Ligand code: ADP
Ligand code: MG
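Residue numbers (the working numbering): 600 to 1218.
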């Protein structure tokens, strides 16, 4: 067969295959164009998930007749005036979107530049672009109908209207986050209207208030309340945004948003960096909600690596990774021992009659709530019981599920008069211990709040933070076993422990091979006091087995330390004296990240006095 030059419309169709995957890709390209045209108000209307109609209306620069004619040509763009691919400042630059769209759908453009008396309309009649006058306001309106009507293969791959609608929402969220000063309206018969009014342009001066407002509009108010601001510069890389407290997470990474020079991207480097920043606080299967904006000089970046411009390539990925990790970690450090507010909100609503249902926040993000912790509002049974008490004084019928009086006197709750702290002392926000419940929960009274601490979770965090500190100062102090403890393990486990012997000594664990399937332990980290050596070593062996390459143990000693920290913790079930409880509270206040245990669960909840008063209708 002979080689031939393909006809234009076929070339466009082929290009469209890469650029236009689904309705959301069209929305993305058209909204990017509106933003590049300097629009401050962009209205998007869709129907049937964008399959039958996508309409984008902007108040941007508009186009004159010559530009309008060229705009639908392939490789025609106004955005590379210097032919310079190394300094791209616009979202678009490939000059392919409109040509691609016209190849796979009905495209109509109406546009009126700021200085023109009248608008112009472009339509395709029998494949030919035809321009005619059209009255309209300043700006541009683009309508796309009947997507993929001539590409049946693609049509088949489209998902349900609802799924396509959601994909469009997702694209819009990302674009809107990166452009807080633009007003976005997203409406249509297939959705609830989303309206994100413009925010003032903000900067360091006003603490990025406008950017924060926009994130709040999109990710919900409780994200804004449970996130910390990121603001960090390393070399030429500037990292900004908001990152959720470790107690405010989701089960997948869909609520993580990454931007590079204002461009929404999917990027492994950034994803990995965020994960790294939270490694200390989160279980592997939880994902913090976050919006991370990375900015750098355009020459340090290649944006021309993906047909839909959804990916970028960094000249120095290591630097970007380090900047994001440090930026996010600093932000979390600054949050200190704070736990997410949604935890106390959830607690509060669990107390309320009928609570538990109302506690889910209005957004889709869910704060960490332990399974079953939602409760059915345990205030209810008591209240019913009282209501049932007849005026004659006869006892109400016994209610099998209601807590009975004598339960309260079970020895798992104990009270002790503890020395009072100076009143109103803001240095001790966790207050003074008043009681211990169920041998694990410390009830404390703060300056103006009631605090309940999970002693086991809190202690685990404290031990771990101390571990890390010791580790950064040199080898962790070890304590010699009087008689080495011999532990039997599989041969593979023994091999791995033996191989990591030197590293383990760094964290205070002294092990030696003891025959083919046994290990002798002669030292354990002093910080753990009297650990169950068998369990401790089993745990460490499991950890090593998880890594396919033993050579990374050195880099990941902190993870080994985290594993071991659990073994040194005050187990739940241990009674503490008032002084011991207060020592724990003071330690928590002084320790970074003590609002979360190392698995990302909260270590304490706080109910404000005002909230308690509200519970009793006093406010
Ligand atoms: P690119 O955005 O890569 O330049 P497109 O095919 O998306 O390619 O658009 C082609 C050209 O049409 C743009 O460079 C721009 O000059 C013009 N254009 C497209 N959409 C708009 C709009 N909404 N307002 C003003 N000009 C537009
Ligand atoms: Mg474009």
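C-beta atoms are modelled at their ideal positions from N, C-alpha and C, and glycine is treated no differently. Note that the coordinates shown come from a computational prediction; the quantities given were computed from them, not determined experimentally.
Keeping to the same chain, check which residues put their C-beta closer than 6 Å to that of residue i; ignore five residues upstream and five downstream.
i, result
"residue 1180", "1032, 1041"
"residue 971", "Because the pLDDT at residue 971 is just 34, under 50, the model does not fix this residue reliably, and the value given afterwards should be weighed accordingly. Counting only Cβ-Cβ distances below 6 Å, and skipping sequence neighbours, we find nothing."
"residue 793", "785"
"residue 1084", "1120, 1132"
"residue 1209", "none"
"residue 799", "809"
Starting from residue i and walking both ways along the alpha helix (DSSP H), at which residues does that stretch end?
i, result
"residue 868", "867-877"
"residue 615", "607-618"
"residue 810", "808-818"
"residue 756", "751-756"
"residue 768", "760-777"
"residue 1162", "1156-1164"
"residue 1110", "Here residue 1110 belongs to no alpha helix (DSSP H); instead the beta strand (DSSP E) covers 1109-1112."
"residue 632", "622-635"
"residue 703", "696-703"
"residue 667", "664-670"
Quick check: does the Cβ of residue i come within less than 8 Å of any heavy atom belonging to the ligand MG?
i, result
"residue 690", "yes"
"residue 635", "yes"
"residue 693", "yes"
"residue 1039", "no"
"residue 1145", "no"
"residue 860", "no"
"residue 611", "no"
"residue 628", "yes"
"residue 607", "no"
"residue 617", "no"
"residue 632", "yes"
Taking a contact to mean a Cβ-Cβ separation below 9 Å, would you say residue i touches residue j in this structure?
i, j, result
"residue 1187", "residue 1061", "yes"
"residue 902", "residue 869", "no"
"residue 1087", "residue 1117", "yes"
"residue 1107", "residue 1064", "no"
"residue 836", "residue 899", "yes"
"residue 845", "residue 1192", "yes"
"residue 630", "residue 655", "yes"
"residue 767", "residue 649", "yes"
"residue 713", "residue 787", "no"
"residue 781", "residue 639", "yes"
"residue 628", "residue 696", "yes"
"residue 908", "residue 690", "yes"
"residue 1102", "residue 1152", "yes"
"residue 926", "residue 838", "yes"
"residue 778", "residue 659", "no"
"residue 797", "residue 888", "no"
Which first and last residues belong to the beta strand (DSSP E) in which residue i is found?
i, result
"residue 1121", "1117-1124"
"residue 1144", "Counting along the chain, residue 1144 falls outside any beta strand (DSSP E), though it belongs to the alpha helix (DSSP H) covering 1132-1145."
"residue 1207", "1203-1207"
"residue 855", "855-859"
"residue 1182", "Run containing residue 1182: none in the beta strand (DSSP E); it sits in the alpha helix (DSSP H), 1177-1189."
Does residue i have its Cβ less than 9 Å from a Cβ in chain D?
i, result
"residue 1046", "In the structure shown, chain D does not exist; there is a single protein chain."
Going by the DSSP bridge assignment, what does residue i pair with across the sheet?
i, result
"residue 841", "828, 890"
"residue 801", "Residue 801 pairs with nothing; no bridge assigned."
"residue 900", "913"
"residue 1036", "1040"
"residue 569", "With the chain represented from 600 up to 1218, any question about residue 569 goes unanswered, as that position is not in the structure."
"residue 1087", "1117"
"residue 718", "733"
"residue 740", "656, 709"
"residue 1053", "1040"
"residue 723", "728"
"residue 677", "DSSP, once it has assigned bridges, lists no residue as partnering residue 677."
So, at 8 Å on beta carbons, what are the nonlocal neighbours of residue i in its own chain, with the 5 sequence-adjacent residues on each side left out?
i, result
"residue 928", "876"
"residue 865", "857, 909, 910"
Only counting the same chain, and skipping five residues up and downstream in sequence, which positions put a Cβ closer than 7 Å to that of residue i?
i, result
"residue 600", "none"
"residue 733", "709, 718, 719, 720"
"residue 1178", "none"
"residue 608", "702, 726"
"residue 1199", "845, 846, 848, 880, 881, 882, 885, 967"
"residue 1100", "1110"
Is residue i near the ligand ZN, in the sense that its beta carbon is under 8 Å from a heavy atom of that ligand?
i, result
"residue 843", "By its list of ligands, the structure shown excludes the ligand ZN, since it contains just the ligand ADP and the ligand MG."
Quick check: is any heavy atom of the ligand ADP less than 8 Å from the C-beta of residue i?
i, result
"residue 719", "no"
"residue 661", "yes"
"residue 739", "yes"
"residue 698", "yes"
"residue 655", "yes"
"residue 644", "no"
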